[in-house]
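In the numbering used here, the protein residues as written are 363 to 979.
Encoded structure:
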């Protein structure tokens, strides 16, 4: 049974966003788009562009005050210590706000199995006591309703949360993913070893003199934990822990010199966009993207970033710029463009778009498949590939399937006297023009290879299936898996080539509903040229954004166009649920019998990789 007086905070209305054109990094605007740490001249322009905003963090942006936050303190009794093997026997919870108890929840739970004698001795809960109690699947709806959107408090929270999550998963209830705080972690920060030799619940209850004595029964232990929690908040207030984010940061170890730089986030708005860390000499150190730039930038200084290069970056950072974007897609595209343009030394992703591997047929009398790193303008290039390993595996399979040579020697039209062939001729994997010269057989091999560039991968996959069958029959399963992965790489590259070419051959305006607003996106020749978020007037916005095709800020006339990662981001957005096309100029399509029809090879490789990974909770 539980009692609960519910209070729901009212959400503030979202502000609308005006049209923002998007630029290549070389022309990122320095007026209304960029908000440097100290740039008073840009404030008025920014307000005019995206609506009034406060550059200094408000109390709301800093987080909910602890006195206004709602917490549910929970304790469980179980049949053992393993959430995968054992079950819950009792749940006790106390809902608190502002130092007062506003609700309690308590129930025994029938675990569906006998309670071990040692657990009975510890808790006093017997099989007879739980015989008529509800099962956990009957209890969960009531407990989750009691929890609501409150933060969760527990002593050794990992234990209690693991059992609750496992029960939800087992009975197909959605775990609400509440913010979780552990009183053990809090005690490590505010209770000295002289006061308490350990951080056990009973020990802390004696330290703080709680009215309720823990006794290994869920509700009593939850009540004692709530008292301890309040007492520790009183101590932590002296360390500046006054808001919920301060409590979140408590478990992170951050050097004082870096934590002191958290004020760099004060000038960063709580808006979606791109943020740029800069050194004292103006060098761009790191570029990132977030839906809430203020919270994300502040977290770098307070949450103990574990990435190897981030802490050195924070040590030299002296300011943070922010680029406000009306849509998430624009922010992500700006990020990859900025990283590709500026090459910040602390970014590792997207820093070398020119290193993307492709395959092409060499321009000679006896062509072969060769690797290339700059193929965006080549009509006869296959790719892009996701990695060099995938490109090499695909190169080997494509050469073998079409019987193309793999040697890098430039061959004469007529074989040299006394020329010798390599082992590939004897194995039947090469038509051997080195000894046979220009023959119809090799010309047919080249014709077969070129069909892959036209999107036909059927012949390659038939050859892969035969090879996999032979290897499996010989019990060479690892080699068979390698051929499967190589075939998947061919399909993936051919499919990406087709999708990229299709997008780069058209211009379109599309829209997608986001909460109570609409994201309107304009794309020209594969590049994002403008976006807008509106609450009404979608067609008017679409017409405005269609005009952006006439003067795109990304130069597509040279044929080079956008980088691969930008095209991938746009395609992922266009293919997401709920996207509608409003204006289209030129065909945007995927052939019915194209490489996309063979996605099962890609899915098989993905499933195999997922199956090889260790499973976590």
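Virtual Cβ for every residue (Gly too), placed ideally from N, Cα, C.
Owing to the predicted nature of the structure, the values given are computational and were not obtained by experimental measurement.
Can you tell which of the options has its C-alpha closest to the C-alpha of residue i?
i, options, result
"residue 752", "733, 865, 543 and 535", "733"
"residue 648", "448, 906 and 677", "677"
"residue 650", "644, 704, 604 and 623", "704"
"residue 538", "505, 627, 656 and 838", "505"
"residue 804", "730, 629 and 946", "730"
"residue 460", "910, 700 and 588", "588"
"residue 934", "967, 862 and 965", "862"
"residue 471", "464, 462 and 502", "502"
"residue 890", "645, 925, 880 and 900", "925"
"residue 950", "563, 574 and 864", "864"
"residue 930", "688, 745, 825 and 669", "745"
"residue 638", "969, 617 and 660", "660"
"residue 754", "540, 844, 814 and 447", "844"
"residue 642", "675, 531, 720 and 652", "675"
"residue 452", "624, 485 and 596", "485"
"residue 897", "689, 464 and 617", "689"
"residue 662", "429, 701, 617 and 837", "617"
"residue 809", "742, 834 and 466", "742"
"residue 621", "679, 606, 653 and 841", "679"
"residue 512", "540, 604 and 566", "540"
"residue 507", "531, 906, 483 and 535", "535"
"residue 672", "448, 691 and 640", "640"
"residue 981", "463, 473, 456 and 483", "This structure cannot settle anything about residue 981, because the visible part of the chain is limited to 363 through 979."
"residue 819", "955, 431, 830 and 655", "955"
"residue 773", "725, 556 and 658", "725"
"residue 627", "607, 656 and 892", "656"
Kindly list the residues whose CB is nearer than 6 Å to the CB of residue i, restricted to its own chain and excluding five residues on each side of it in sequence; keep chain order.
i, result
"residue 533", "499"
"residue 454", "437, 468, 580, 581 and 584"
"residue 928", "695 and 698"
"residue 767", "730 and 792"
"residue 445", "524, 525 and 528"
"residue 544", "519"
"residue 718", "746 and 926"
"residue 548", "594"
Grab the span of the alpha helix (DSSP H) containing residue i for me, first residue to last.
i, result
"residue 598", "580-598"
"residue 762", "750-764"
"residue 482", "479-485"
"residue 646", "Residue 646 -> not in any alpha helix (DSSP H); beta strand (DSSP E) instead, spanning 646-652."
"residue 660", "655-664"
"residue 455", "Residue 455 -> not in any alpha helix (DSSP H); beta strand (DSSP E) instead, spanning 450-459."
"residue 901", "900-909"
"residue 829", "820-835"
"residue 864", "839-866"
"residue 694", "690-704"
"residue 551", "545-552"
"residue 872", "Counting along the chain, residue 872 falls outside any alpha helix (DSSP H), though it belongs to the beta strand (DSSP E) covering 869-876."
If I'm right that residue i touches residue j with Cβ under 8 Å, what's the distance once you round it to whole angstroms?
i, j, result
"residue 598", "residue 552", "5 Å"
"residue 635", "residue 684", "6 Å"
"residue 842", "residue 834", "5 Å"
Need the endpoints of the beta strand (DSSP E) that residue i sits in, please.
i, result
"residue 640", "635-641"
"residue 321", "Absent from the structure is residue 321, since the part of the chain shown begins at 363 and ends at 979."
"residue 893", "889-896"
"residue 510", "Where residue 510 is concerned, there is no enclosing beta strand (DSSP E), given that its DSSP letter is neither H nor E."
"residue 879", "879-886"
"residue 564", "Per DSSP, residue 564 belongs to no beta strand (DSSP E); it is in the alpha helix (DSSP H), 563-570."
"residue 601", "Taken as a continuous stretch (DSSP letters only), residue 601 belongs to no beta strand (DSSP E), as it is neither H nor E."
"residue 354", "Here the chain comprises residues numbered 363 to 979, so residue 354 is not present and cannot be evaluated."
Take residue i and list the residues in its own chain whose beta-carbon comes closer than 7 Å to its own, dropping the five residues that flank it on each side.
i, result
"residue 872", "883, 936, 941, 942, 943 and 944"
"residue 706", "646, 647, 648 and 649"
"residue 771", "none"
"residue 591", "435, 515 and 545"
"residue 900", "873, 880 and 882"
"residue 693", "634, 635, 636, 651 and 687"
"residue 807", "764, 765, 766 and 793"
"residue 563", "517, 576, 583, 586 and 587"
I'd like to confirm something about residue i: is its beta-carbon nearer than 8 Å to some heavy atom of the ligand HEM, or not?
i, result
"residue 818", "In terms of ligand content, the structure shown is empty, and the ligand HEM therefore cannot be addressed."
Take residue i and list the residues in its own chain whose beta-carbon comes closer than 8 Å to its own, dropping the five residues that flank it on each side.
i, result
"residue 971", "none"
"residue 567", "574, 575, 576, 586, 589 and 590"
"residue 811", "723, 729, 731, 760, 764 and 766"
"residue 565", "558 and 559"
Answer yes or no: does any C-beta atom of chain B fall closer than 9 Å to that of residue i?
i, result
"residue 714", "Of the protein chains in this structure there is only one, and it is not chain B."
**Prompt:** Are there three or more Cβ pairs, one per stretch, closer than 8 Å when the stretch 850-858 is compared with the stretch 950-964?
**Reply:** yes
**Asked** Does the count of Cβ pairs from the stretch 747-762 and the stretch 834-848 closer than 8 Å reach three?
**Response** yes
**Item:** the stretch 464-481 contacting the stretch 489-496, beta-carbon criterion three pairs below 8 Å
**Value:** yes
**Request:** Evaluate the contact criterion for the stretch 432-447 versus the stretch 509-523: three or more CB pairs, one atom per stretch, below 8 Å.
**Result:** yes
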